[in-house]
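K.L.:
If you read the sequence shown in the UniProt record's numbering, its first letter stands for residue 1, the second for the next number, and so on. Every residue gets a Cβ at the ideal spot worked out from N, C-alpha and C, and that includes glycine. These numbers come from a predicted model, not from an experiment.
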Amino acid sequence: MTDARGTGHRSGCPINLSVEVLGDRWSLVVLRDVMFGNRHYFRELLTGSQEGIASNILADRLHRLVAQGLLWRSDDESHRQKIRYSLTEAGVQLVPVMAALGSWGRRHLPASHELSVRAELLERGGPELWDRFMDELREQHLGVPRPPGTPSVFAELQAAYEAAVARSAPAVTP
């Protein structure tokens, strides 16, 4: 067994190490919002999430996610004090993990239909869809061009979510 003393980690187990990075209440939610919600700025992340993260917690998680190499910061050219957060390659490679978590959550927990639709599409699309989505995220966050003519997975996921929300909205009667 590998001794973890001196590394700052409980052990060298890859699951343990992953939990040390992602296992708090907010890190995966913040990454979800950057990945699937197309949110890049502190204010967007603070106000755009249904979970209602506190500003001090969000600031801490963003700092940690940058330090852990899952997000990177850049200055916004339109405003000197605005910081843009983007996924790193390690963050992009969390797509299959997020897909698996979403799939498990929609099957075993009381998830709403509207908020489950993206997870369902990712589950049905499997690794081929995940790869296309990761290519799209690499283009958006890292500037790596994706293959030409590739349809937008983000747009497909967003359209499915919006359709589910529209179906669940109460009918308006005149």
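Nearest-angstrom Cα distance between L87 and W72?
P.N.:
6 angstroms
K.L.:
Shorter than 7 angstroms, the distance from the beta carbon of W104 to the closest heavy atom of the ligand GDP, or not?
P.N.:
Within the structure as shown, the ligand GDP is missing, as the structure has no ligands at all.
K.L.:
Under the three-state reduction of DSSP, which class applies to L65: helix, strand or coil?
P.N.:
helix
K.L.:
Could you tell me the alpha carbon to alpha carbon distance between G125 and A160, rounded to whole angstroms?
P.N.:
13 angstroms
K.L.:
Mind checking A99: buried by the 16 CB within 10 Å criterion, or exposed?
P.N.:
Flag for A99 reads buried.
K.L.:
Hey, could you find the ends of the beta strand (DSSP E) R84 is sitting in?
P.N.:
I83 to L87
K.L.:
For S27, is the classification buried or exposed, using 16 other Cβ atoms within 10 angstroms of its Cβ as the cut-off for buried?
P.N.:
S27 is classed as buried because its beta carbon has at least 16 other beta carbons within 10 Å across all chains shown.
K.L.:
When you compare the CB positions of L58 and L46, do they come within less than 8 angstroms of one another, or not?
P.N.:
yes
K.L.:
Using the Cα positions of A111 and E120, report the straight-line distance between them to the nearest angstrom.
P.N.:
11 angstroms
K.L.:
Taking 8 angstroms as the cut-off, decide whether the C-beta atoms of E51 and V19 are in contact.
P.N.:
no
K.L.:
Looking only at its chain, what residues have a beta carbon closer than 7 angstroms to the beta carbon of V117, apart from the 5 residues adjacent to it on each side?
P.N.:
A160, Y161 and A164
K.L.:
How about F154 and N56: do their beta carbons lie closer than 8 angstroms?
P.N.:
no
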